[in-house]
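Enquirer:
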Amino acid sequence: MRVGVITFPGSLDERDAQRAVRLAGGTPVALWHGAHDLEGVEAIILPGGFSYGDYLRAGSIASHAPIMAEVIDAAHKGMPVLGICNGFQMLAEARLVPGAHGRNDCGTFVRRDQKLIVENNTTAWTKDFTQGEEIIIPLKNADGRFVADADTIKRIEDNGQVTFRYVGMNPNGSLDDIAGVSNEAGNVVGLMPHPEHAVEPGFGPDTAQAMRSGLDGLKFFTSVIQSTLLAKA
Numbered sequence: 001m002r003v004g005v006i007t008f009p010g011s012l013d014e015r016d017a018q019r020a021v022r023l024a025g026g027t028p029v030a031l032w033h034g035a036h037d038l039e040g041v042e043a044i045i046l047p048g049g050f051s052y053g054d055y056l057r058a059g060s061i062a063s064h065a066p067i068m069a070e071v072i073d074a075a076h077k078g079m080p081v082l083g084i085c086n087g088f089q090m091l092a093e094a095r096l097v098p099g100a101h102g103r104n105d106c107g108t109f110v111r112r113d114q115k116l117i118v119e120n121n122t123t124a125w126t127k128d129f130t131q132g133e134e135i136i137i138p139l140k141n142a143d144g145r146f147v148a149d150a151d152t153i154k155r156i157e158d159n160g161q162v163t164f165r166y167v168g169m170n171p172n173g174s175l176d177d178i179a180g181v182s183n184e185a186g187n188v189v190g191l192m193p194h195p196e197h198a199v200e201p202g203f204g205p206d207t208a209q210a211m212r213s214g215l216d217g218l219k220f221f222t223s224v225i226q227s228t229l230l231a232k233a
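In structure tokens:
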């Protein structure tokens, strides 16, 4: 399965996302923000970073990059799309997922291994999880506070569009402890923590079993590969 990973000016984690796809059994395809060609990929990842320096609103300029016209069209047709951190901000700015993002309520950049609870395991990117499962995924952001008006919050809560929620502590002041959301169809998911940093022994979060042994992030990538292959069968 070919999974596209788009590089924007300021992207930091595209190579990590490509490696995560490879470890999950897929074929990563490097895509460029200025192109208009998705090169036949079957899923897309918008990686983390600081696109265009975040000089306006985080992710706002990137949401208008040339390739995003193709991403938006593909998402509306059902292609799985995952936005991680800055990529989540892009999805929100492009109106592919609800909500928006503001400065962390603590006013500073936050880096920690964050516990999450899986609220929805029916999306293209969460099917290998168990609903209610607690996982640990690295988090690193300065503009990670998820916000939305009261009607939007009620709608996404009622629709089951909250995919992940912070557990133990809320690191950035996100409303309802929301760490990730999906669109109504469940093919587009955005989350603030970085699953691509928890896919390989020796490089993930610490666990009770061993230091840096956490692999919870790998399930994001195996989920989309398996769900797509099953849909094609």
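Numbering follows the working numbering, in which position 171 of the sequence shown is assigned residue number 171; successive positions increment by one, without gaps.
For every residue, glycine included, the Cβ atom is placed at its ideal position computed from N, Cα and C.
#1: Comparing C-alpha positions only, which one of Gly-204, Asn-170, Thr-152 sits nearest to Pro-138?
#2: To the nearest angstrom, how far is the alpha carbon of Gln-89 from that of Ala-150?
#3: At what residues does the alpha helix (DSSP H) containing His-76 begin and finish?
#4: Looking at Ala-30: is its Cβ nearer than 7 Å to the Cβ of Val-199?
#5: Please report the residue range of the beta strand (DSSP E) in which Ala-182 lies.
#6: Rounded to whole angstroms, what is the Cα-Cα separation between Ala-24 and Leu-218?
#7: To the nearest angstrom, how far is the alpha carbon of Pro-98 from that of Leu-229?
#8: In or out: Gly-180 buried (at least 16 other Cβ within 10 Å) or exposed?
#9: Can the beta-carbon of Gly-160 be found closer than 7 Å to that of Asn-120?
#10: Pull up the distance between the alpha-carbon of Ala-94 and that of Ile-72, whole angstroms please.
#11: Which residue or residues does DSSP assign as beta-bridge partners of Phe-220?
#12: Grab me the residues of Pro-201's own chain with a C-beta within less than 6 Å of its C-beta, minus the 5 sequence neighbours each way, in chain order.
#13: Reducing DSSP to helix, strand and coil, say where His-33 ends up.
#14: Beta-carbon separation of Ile-156 and Val-162 under 7 Å?
#15: For the alpha helix (DSSP H) that contains Arg-15, what are its first and last residues?
Expert: Working from what's here:
#1: Out of Gly-204, Asn-170, Thr-152, Gly-204 has the C-alpha closest to the C-alpha of Pro-138.
#2: If you draw a straight line from the Cα of Gln-89 to the Cα of Ala-150, it comes to about 19 Å.
#3: 66 to 76
#4: It is not a contact, given that the beta carbons lie outside the stated cut-off.
#5: Inspection of the sequence shows that residue 182 is occupied by Ser rather than by Ala. From DSSP, the beta strand (DSSP E) with Ser-182 extends over 178 to 182.
#6: 7 Å
#7: 28 Å
#8: buried
#9: Going by C-beta atoms, Gly-160 is nearer than 7 Å to Asn-120.
#10: 8 Å
#11: Phe-220 is not bridged to any residue.
#12: Ser-213
#13: coil
#14: yes
#15: 14 to 23
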